[in-house]
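Encoded as structure tokens, the structure appears first; notes follow it.
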Amino acid sequence: MSTQVRLQALSAFLKAQRAKISPEEVGLPAGTRRRTPGLRREEVAHLAGVSTTWYTWLEQGRDIQVSASVLDNVANALKLTADERKYLFSLAIETGKGSSLPVREEAKISPSLQKIIRELRSCPVIISDPRCHIVGWNEAASHIFLNFDEIPPEERNLIRLLFTRREFQRLAVNWEQFASDYLSMFRSYYGQYVDDRWYDPFLEEMKQQHPDFNRLWEQSKVSSAPDVLLEFRHAKAGKMMFQLTSLQVQGDDDLRCSVYTPAQHTNTEAKLMKLMSRGL
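Okay, so the sequence shown: first residue is 157 according to the numbering used here, each after it adds one.
Dropping the structure here:
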């Protein structure tokens, strides 16, 4: 991303995080004249041990000098998680070089990994790259989500499918939480691959075409590996519960293996195996 876009993203992130913290959480009086939720800029500056002017410039996205130690104080003041902290640093500190290895145009999974996900018959598995392009899946995933073979390769982007395909929107009982978790993962990649110019046009396209995307993206959630319990309402199998676990595949392509494990003490696995045996 360009310097201007990077600083705009930093500004939006800081504002969103500041709005999430109540004065009571940091030992400050609530007061009675607060027009907006969360902390004021001067309160964040005080907690971080910096001047209000400096923090205001940082939040406004001005191109100023930022040291790691001072930025760490800001992260502490905003109570950022480890993933949020990494995202903040990637946006605020200009390294002068690529932050990570470039994303390949056509990531491919190895035969051994293909065999592994094929053997996980009772667990839907999706393999995706840092742009959330789907590069691999197993039979179980096709039964639960979509028949990805029927989708052109250039359209197999998980983020886009979440907002364009009704199958995804009808599947998750709490679709907003489902989509928000994937966006938090996508934002983590966005901060990691700051030199990949693919992201900004994609984000602009999604914001223009999908108001729900824009609203959820502005929440500024960041998580490199959300581990959540999901409730699905499958059109043919009814209620199904899965535990989502994200695993990193070592290698140049930085692939993610998303495994949906049938929740314990439910009949989800039996329903899935029935779907697959009938070819539904």
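The beta-carbon is built from N, C-alpha and C at its ideal position, and this holds for glycine as well.
All figures in this text were calculated on a predicted structure; none of them were measured in a lab.
Item	Value
Counterpart residues of N313 in DSSP-defined beta bridges	H289
CB contact flag (G347, L247, <9 Å)	yes
E215 vs K171 beta-carbon contact at 9 Å	yes
Touching by the beta-carbon criterion (3+ pairs, under 8 Å), the stretch 352-364 and the stretch 399-418	no
Classification of K377 by the beta-carbon crowding that lies within 10 angstroms, buried from 16 upward	buried
Three or more C-beta pairs below 8 Å linking the stretch 387-400 and the stretch 310-328	yes
Sub-9 Å separation of P286 and Y345 beta-carbons	yes
Within 9 Å, strictly: CB atoms of V291 and I265	yes
Given 8 Å, three or more beta-carbon pairs between the stretch 302-317 and the stretch 415-433	no
Buried or exposed by the 16-neighbour rule on C-beta atoms within 10 Å, applied to G205	exposed
Neighbour-count burial assignment, L257, 16 or more Cβ in a 10 Å radius	Low confidence applies to L257: its pLDDT is 47, below 50, so where it sits in the model is not reliable, and the reading given next is rough at best. Looking at its Cβ environment, which holds fewer than 16 other Cβ atoms inside 10 Å, L257 is exposed.
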